[in-house]
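See structure below.
There are 2 protein chains.
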Amino acid sequence: CGRIKSKALDLAKKIKKVGQDDPRRITHSLKVGLAITLVSLFYYVRPLYYGFGSSSMWAVFTVVVVFEFSVGATLSKSMNRVLATLLAGALGVGAQHLANLFGDRGEPYILGILVFLLAAASTYTRFVPHIKARYDYGVLIFILTFSLVSVSGYRVEKILELAHQRLSTIMLGGAMCMLISIFVCPVWAGEDLHNLVVNNIENLASFLEGFGGEYFKVSEDGGDGVMVPKEDKSFLQSYKSVLNTKTTEESLANFAWWEPGHGSFQFRHPWTQYLKIGVLTRKCAFHIETLCVYINSEIQTPTEFQRRIQVPCMKMSSESGKALKELASTMKTMTHSSSFNVHIENSKKAVDDLKTALETTSSGDEAYLLEIIPAVTAASILTDIIKCVEKVAE
Amino acid sequence: CGRIKSKALDLAKKIKKVGQDDPRRITHSLKVGLAITLVSLFYYVRPLYYGFGSSSMWAVFTVVVVFEFSVGATLSKSMNRVLATLLAGALGVGAQHLANLFGDRGEPYILGILVFLLAAASTYTRFVPHIKARYDYGVLIFILTFSLVSVSGYRVEKILELAHQRLSTIMLGGAMCMLISIFVCPVWAGEDLHNLVVNNIENLASFLEGFGGEYFKVSEDGGDGVMVPKEDKSFLQSYKSVLNTKTTEESLANFAWWEPGHGSFQFRHPWTQYLKIGVLTRKCAFHIETLCVYINSEIQTPTEFQRRIQVPCMKMSSESGKALKELASTMKTMTHSSSFNVHIENSKKAVDDLKTALETTSSGDEAYLLEIIPAVTAASILTDIIKCVEKVAE
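This is the structure in structure tokens:
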């Protein structure tokens, strides 16, 4: 009994955490409930029911399947659904007429062959990357509606009336979803994408800002060998979340493509730019991943040498971090700022300083370079990457 | 006219390529067509039609929505669908009875509130990661069926009979999908996962085997400064595909969980092990990504120094490559092999050789170490990672 209780508590905590992580999830659930309840009014209110008949089922259906978390996803699904239903309905009726020409005996065969061909061909197109990204759901609904219409037409005589009823209920359900998702606490995929990219850059920035101090085991203020307190080491892990965001970014960009203008984003905002920035950010994160191995390296660097490279290295890391932070904040406010260039220049100067420091190093330290150099090179690669990001940021 | 023609040709080429990349896609399309045609037989054959009535629509419906590329995905979706329909149907009938107690006036309100609550709660649970990964589709169908049953019950008196008809057609559609996907040219998600992981390791291996030669600009056989021919440089890019496979691996592992035993895999094969190997492989790829920057470095390394480190570096890279290749082939055949350890030992020895070489380096070269060391360190990290992989491979 105690074990069941603790398990239930565990589950409850998990469920609560889902809501705390993103309170919009709770709003979303309520919105879905609202939409479904509204749509099922068509069943309860008699005059509406007699207008649509049992086809009102399709409205409920559409709402359940089409309502997604972000506006873009909902729009994409409802548009796909409505358009695909229209197209497939028309084709289905056409197939029906064609099959009729072959008489009662031939009809089922012709219809069977047509359904087979269209289903196979459409399923095949779902593998084409471009179609998969944007119209996957539409193709699915196309297959569905086409086979339903052409097949059920064989039985139901009043096919046109039925098609009309179904289409109007689906459109009604779709419109309901679109309206609720746009006007009741909207969740914009574009905004999410923007925040995700900015957040990723900020994560990298805070890693870089902290890295210098962590690597040389000094506190930010003193600089005389005092260990950094253990509490604030979360920044060392923050870059990890950047490594695997590719899929999320791509689907968000796809959804954002469907969204109308909102907030500071216009319709047809250059969403693909975000993907490019994302690729560069991830590249940066890969380098950081490599860099990270050296933080807890066991081999001790000779103090004399360490002192020599410490200043430029710390400057490189903190300045590039500041530059990235600056970049993130300019992206947030969508303004241009000159201090980004200042930080970049500073970090470049630090790279040069480091080179001079290395050139004047006395011999005998070479073996120890093993630990120092990677940090340096990665930091210089970082500066290169920051330059790229700068270009993309427009 | 010419432009339209060339565009059409382009499209045709793309579509052809989709099939060439993976011929199983063509088979899959044909399988879907077959399943839908078989299921629509219920409409054409009169005795069957009168048995099921217009509910046979649900069979078509189920097949279209549930049939997926791999066996695991199909199984997961059909099981989810059938179970969710059962549960939601039962709950829906219950809700119906409950609402009946409140008389004709109260009924719609009670039903509306119930639908709202259940829809909102179920939508919320879809955000819980574990449920999302494995039962997302089931919850969707649950909401759908529950609202359909409880709402339409208000109108249709013979609700139990209808529910029975629908459930049996859905089960029929689901069974059809499962049978066809398992017995007609099955595509196993588990096998795909296995191949993907093995392939990723092989990609890294071929990169490492080629890297030494590429970096020192020597051909494999001569070793006297001859440029490697340009043709076979694809191996330098091969590791790129490894970087972003996380999502694919995770969804494949999820699907594989549903699959019965097949080939050399048993039911409940330790699929999560593959995910762990995947994480390590990607870590390896991240390091390689960093390493890659130095291949086309502009700064010229002094020949004298280069000659000294060339032998151990090339050995490190080729031996670790060979070790990974060995690992991939042991995974393929699922046997144990001792030559893996031999290669690991060799590459470790090479690391030691390199260290000695560096220690005896004369001074004045330090500035140039900038290019050499990262390769070395990354290779030594690689050896560490390979050790991890070895552990996981059991």
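Residue numbers (our numbering), protein chains in the order written: chain E, 704 to 1097; chain U, 704 to 1097.
For glycine and all other residues, C-beta sits at the position ideal for the given N, C-alpha and C.
Own chain, CB closer than 7 angstroms to residue i, minus 5 neighbours either side, in chain order
i: V901 (chain U); result: A1031, M1034 and K1035
i: V742 (chain E); result: A762, V763, V766, G876 and M879
i: A823 (chain U); result: none
i: T788 (chain E); result: I844, T848, L870 and I873
i: T828 (chain U); result: I834 and V842
i: N677 (chain U); result: With chain U covering only 704 through 1097, there is no way to say anything about residue 677 (chain U).
Residue-chain proximity (residue i, chain U), Cβ-Cβ < 7 angstroms
i: K949 (chain E); result: yes
i: V769 (chain E); result: no
i: V1045 (chain E); result: no
i: V647 (chain E); result: Residue 647 (chain E) falls outside the range modelled here, since chain E spans only 704 to 1097, and no answer is possible.
i: I739 (chain E); result: yes
i: T872 (chain E); result: no
i: A822 (chain E); result: yes
i: L847 (chain E); result: yes
i: S1127 (chain E); result: Here chain E has residues from 704 to 1097 only, and residue 1127 (chain E) is not among them.
i: Y1071 (chain E); result: Note that Y1071 (chain E) has pLDDT 45, beneath the 50 cutoff, so the model's placement of it is unreliable and no number is given.
i: V945 (chain E); result: no
i: S743 (chain E); result: yes
i: F989 (chain E); result: yes
Residue-chain proximity (residue i, chain E), Cβ-Cβ < 7 angstroms
i: G815 (chain U); result: yes
i: T765 (chain U); result: no
i: P811 (chain U); result: yes
i: V1014 (chain U); result: no
i: V982 (chain U); result: no
i: L896 (chain U); result: no
i: Y1111 (chain U); result: Nothing about residue 1111 (chain U) can be reported from this structure: the residues present for chain U run from 704 to 1097 only.
i: S850 (chain U); result: yes
i: E992 (chain U); result: yes
i: Y838 (chain U); result: no
i: T975 (chain U); result: no
i: Y942 (chain U); result: no
Same chain only: Cβ atoms within 6 angstroms of residue i, ignoring 5 sequence neighbours per side
i: L821 (chain E); result: F849
i: F805 (chain E); result: I813
Residue i versus residue j - alpha carbon distance
i: I844 (chain E); j: T826 (chain E); result: 11 angstroms
i: E864 (chain U); j: S853 (chain U); result: 14 angstroms
i: H660 (chain U); j: Q1013 (chain U); result: A question about residue 660 (chain U) goes unanswered here, because the residues of chain U that appear run from 704 up to 1097.
i: E1022 (chain E); j: G913 (chain E); result: 11 angstroms
i: E953 (chain E); j: M760 (chain E); result: 34 angstroms
i: F968 (chain E); j: E962 (chain E); result: 10 angstroms
i: K708 (chain U); j: G775 (chain U); result: 41 angstroms
i: L744 (chain E); j: A908 (chain E); result: 52 angstroms
i: L1027 (chain U); j: M1019 (chain U); result: 12 angstroms
i: G893 (chain U); j: K835 (chain U); result: 20 angstroms
i: K716 (chain E); j: E810 (chain E); result: 59 angstroms
i: S944 (chain U); j: R706 (chain E); result: 45 angstroms
i: N803 (chain E); j: F819 (chain E); result: 18 angstroms
i: L817 (chain E); j: G736 (chain U); result: 10 angstroms
i: L790 (chain U); j: D713 (chain E); result: 24 angstroms
i: F830 (chain E); j: T740 (chain U); result: 21 angstroms
i: Y838 (chain U); j: T950 (chain U); result: 17 angstroms
i: F770 (chain E); j: T777 (chain E); result: 5 angstroms
i: H833 (chain E); j: W974 (chain E); result: 16 angstroms
i: N898 (chain E); j: R808 (chain U); result: 49 angstroms
i: V1045 (chain U); j: R727 (chain E); result: 55 angstroms
i: A738 (chain E); j: Y747 (chain E); result: 15 angstroms
i: H972 (chain E); j: L733 (chain E); result: 30 angstroms
i: F886 (chain U); j: S781 (chain U); result: 16 angstroms
i: A1053 (chain E); j: I904 (chain E); result: 21 angstroms
i: K710 (chain E); j: V982 (chain U); result: 29 angstroms
Cut-off 8 angstroms between Cβ atoms - residues of its own chain near residue i, not counting five sequence neighbours on either side
i: L786 (chain U); result: G841
i: P889 (chain U); result: V774 and H965
i: L851 (chain E); result: G795
i: I846 (chain U); result: A791, L821, A822, S825 and T826
Residue i beta carbon near the ligand SAM (any heavy atom closer than 6 angstroms)
i: T975 (chain U); result: Absent from the structure shown: the ligand SAM. Ligands present: none.
Chain U contacts from the region 774-807 of chain E (Cβ-Cβ distance under 7 angstroms)
none
Can you find at least 3 beta carbon pairs, one from the region 874-884 of chain E and one from the region 792-803 of chain U, that sit closer than 8 angstroms?
no
Would you list, in chain order, the members of the region 725-737 of chain E that have their beta-carbon closer than 9 angstroms to a beta-carbon of chain U?
D725, R728, I729, H731, S732, L733, K734, V735, G736 and L737
Please identify, using Cβ separations under 7 angstroms, the residues of the region 712-726 of chain E that lie next to chain U, in order along the chain.
K717, I718 and V721
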